[in-house]
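Everything below concerns the one structure shown next.
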Amino acid sequence: MAWMGLGKRLRELFQSREIDGRFFEDLEDALIEADIGVRFASETIEALKESARKGGIKTQDGLRAALKDILGRQIISSDILLVPDALNVLVVLGVNGVGKTTTIAKLARHFRVARGVERILLVAGDTFRAAAIDQLKLLGKRLDIPVVAQEPGADPGAVIFDGIASATARGIPLVIADTAGRLHTKDALVKELAKIDKIVKSRAGGAGYRKLLVLDATTGQNSLAQAEVFHKAVGIDSIVLTKVDSTAKGGMVVPICRELGIPISFVGDGEKLEDLQLFDRDLYLGSLVGEA
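Residues in the sequence shown are numbered from 30 upward in steps of one, following the working numbering.
Here is the structure:
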């Protein structure tokens, strides 16, 4: 993952420095700069020192392996497995600008190509932005996937309700729904999402319902704040990280998993519809600590 700025920094640090007090200070600074967070960076360094002391670790490779183990205990990954012979609804959430609508199309393509789901329905639930409705319609046309949409300003819950009803009537096993990313206040956003959550649960609750949060990997610690708001509102099942092909440092994955217990499922690493990959925990950790 070329986006792991921390990996490059640590690789240089491990290769060029003696393991002493200054080394650990620089390592802590690198963790903070990589968006892991001040508190967890400090805790990680203390745990690393203790591991090195108890294990008699004196080599750079040994220390790198210990750091990878410490960070790895925090990372949670999870695939999105559809329930067979049932209606599955993926509600996709996220603030405006994170690539949410494009991610919906990428998810649709993934489930069709990689999972063999031939019939999918998209729902334009972000009715507050006419551009979001038009964009999803266009992407649906490119993928030859139907889109349920209404006029801008329509009630989002009603649009999603209609989408689920349409999928049920037509025997479509997978619905992927867009949602609004920004209302006038945080309270309004939470209220709207809670309403949508209630509607989906009443129509397609249980194992076939998942809530995916899209986060921009370049926004650092702000991603954690966003995740906290959405998780409190409806309870997030998994996360999709976008824009990991840019200058993202990558460390925000650690506090999100650690503080909220939300797993990472997918990463978007480009603008094309095929640029969506399953999150590889081992690859992530290797890149994070500069193994490659």
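Glycine included, every Cβ here is placed at the ideal spot set by N, Cα and C. Values in this document were obtained by computation on a predicted structure and should not be read as measured data.
Just to confirm the assignment, what range does the beta strand (DSSP E) spanning residue i have?
i: Gly297; result: 293-297
i: Val204; result: 203-206
i: Leu305; result: 305-307
Closest to residue i by CA distance: which of the options is it?
i: Asp330; options: Lys224, Leu203, Ile291, Ile74; result: Residue 330 cannot be examined here, being either before or after the span of the chain that is shown, 30 to 321.
i: Val118; options: Val273, Ala206, Leu312; result: Ala206
i: Lys97; options: Val283, Asp173, Ile293, Leu307; result: Val283
i: Ser231; options: Leu289, Asp266, Gln250, Phe190; result: Phe190
i: Leu302; options: Gly279, Pro292, Lys170, Ser252; result: Lys170
i: Thr131; options: Met281, Asp163, Ile109, Ala143; result: Asp163
i: Asn251; options: Val229, Met281, Val243, Ala223; result: Met281
i: Ile99; options: Arg287, Lys224, Val269; result: Arg287
i: Ile109; options: Ala76, Arg310, Ile268; result: Ile268
i: Lys272; options: Gly200, Gln255, Phe43, Thr247; result: Thr247
i: Gly237; options: Leu116, Gly50, Lys87, Phe69; result: Leu116
i: Ala233; options: Val112, Arg51, Gly91; result: Val112
i: Gln306; options: Gly91, Leu60, Gly126, Ala143; result: Ala143
i: Arg199; options: Glu300, Gly126, Ile149; result: Ile149
i: Asp304; options: Leu270, Leu314, Leu312; result: Leu270
i: Ile24; options: Val127, Asp184, Asp245; result: Summary: the structure shown does not reach residue 24, with the chain confined to residues 30 through 321, and so no result is reported for it.
i: Gly126; options: Leu167, Gln179, Gln255, Gly145; result: Gln255
i: Gly299; options: Asp55, Tyr313, Ile225, Asp245; result: Asp245
i: Phe157; options: Leu314, Gly186, Glu257; result: Gly186
i: Ala178; options: Ile201, Val152, Ala194; result: Val152
i: Leu10; options: Tyr313, Ala196, Glu147; result: Here the chain has residues from 30 to 321 only, and residue 10 is not among them.
i: Leu314; options: Arg93, Ala223, Leu165; result: Arg93
Only counting the same chain, and skipping five residues up and downstream in sequence, which positions put a Cβ closer than 7 Å to that of residue i?
i: Gly36; result: Ser316, Leu317, Val318, Gly319
i: Ala159; result: Pro181
i: Phe53; result: Ile74, Lys78
i: Asp266; result: Arg239, Lys240, Leu241
i: Lys129; result: Val121, Gly123, Asp207, Gly210, Val243
i: Ile61; result: Val67, Ala70
i: Leu167; result: none
i: Ile285; result: Ser252, Leu253, Ala256, Ile268, Ile291
i: Phe308; result: Ser106, Ile293, Ser294, Phe295, Val296
By Cβ distance, which residues of its chain are closer than 6 Å to residue i, with the 5 residues on each side in sequence left out?
i: Ile133; result: Val121, Ile205, Asp207
i: Arg2; result: A query on residue 2 cannot be resolved here, the shown segment of the chain reaching from 30 to 321 and no further.
i: Glu57; result: Ala70, Ile74
i: Ala161; result: Thr130, Asp155
i: Ile65; result: Gly280, Val283
Would you give the residue range spanned by the alpha helix (DSSP H) that residue i belongs to?
i: Leu270; result: Where Leu270 is concerned, there is no enclosing alpha helix (DSSP H), although the beta strand (DSSP E) it sits in stretches over 267-271.
i: Asp311; result: 310-317
Is residue i a contact residue of the ligand ATP, with contact defined as CB to any heavy atom under 7 Å?
i: Ala223; result: Looking at this structure, you won't find the ligand ATP or any other ligand, since it has none at all.
Grab me the residues of residue i's own chain with a C-beta within less than 8 Å of its C-beta, minus the 5 sequence neighbours each way, in chain order.
i: Gln89; result: Phe43, Gln44, Ile48
i: Ala95; result: Leu77, Ser80, Ala81, Gly84, Ile86
Next item on the list: Output the residue ranges of the beta strand (DSSP E) runs that lie fully inside the stretch 55-126 and measure 3 residues or longer, sorted by chain position.
Entry: Runs of the beta strand (DSSP E) lying entirely within the stretch 55-126 and spanning at least 3 residues, in chain order: 117-122.
Notebook entry, point to check: Counting only runs that start and end within the stretch 137-190, where is the alpha helix (DSSP H) found for 4 or more residues in a row?
Noted result: Contiguous alpha helix (DSSP H) elements confined to the stretch 137-190 occur at 159-172, taking only those with 4 or more residues.
Check: Between the stretch 256-266 and the stretch 213-222, do at least 3 Cβ pairs fall closer than 8 Å?
Finding: Contact between the stretch 256-266 and the stretch 213-222 is present, because at least three Cβ pairs lie under 8 Å.
Note to self: Does the stretch 136-145 come into contact with the stretch 180-194, if we say contact requires no fewer than three beta-carbon pairs (one atom in each stretch) closer than 8 Å?
What the structure shows: Using a C-beta cut-off of 8 Å, the stretch 136-145 makes no contact with the stretch 180-194, since fewer than three inter-stretch Cβ pairs fall below that distance.
Item checked: Uninterrupted beta strand (DSSP E) stretches inside the stretch 217-253 (no shorter than 3 residues) -> Within the stretch 217-253, the complete beta strand (DSSP E) segments of 3 residues or longer fall at 238-245, listed in chain order.
Check: Is the number of C-beta pairs between the stretch 278-298 and the stretch 101-111 that are closer than 8 Å three or more?
Finding: With a cut-off of 8 Å, the stretch 101-111 and the stretch 278-298 count as touching, because enough Cβ pairs lie within range.
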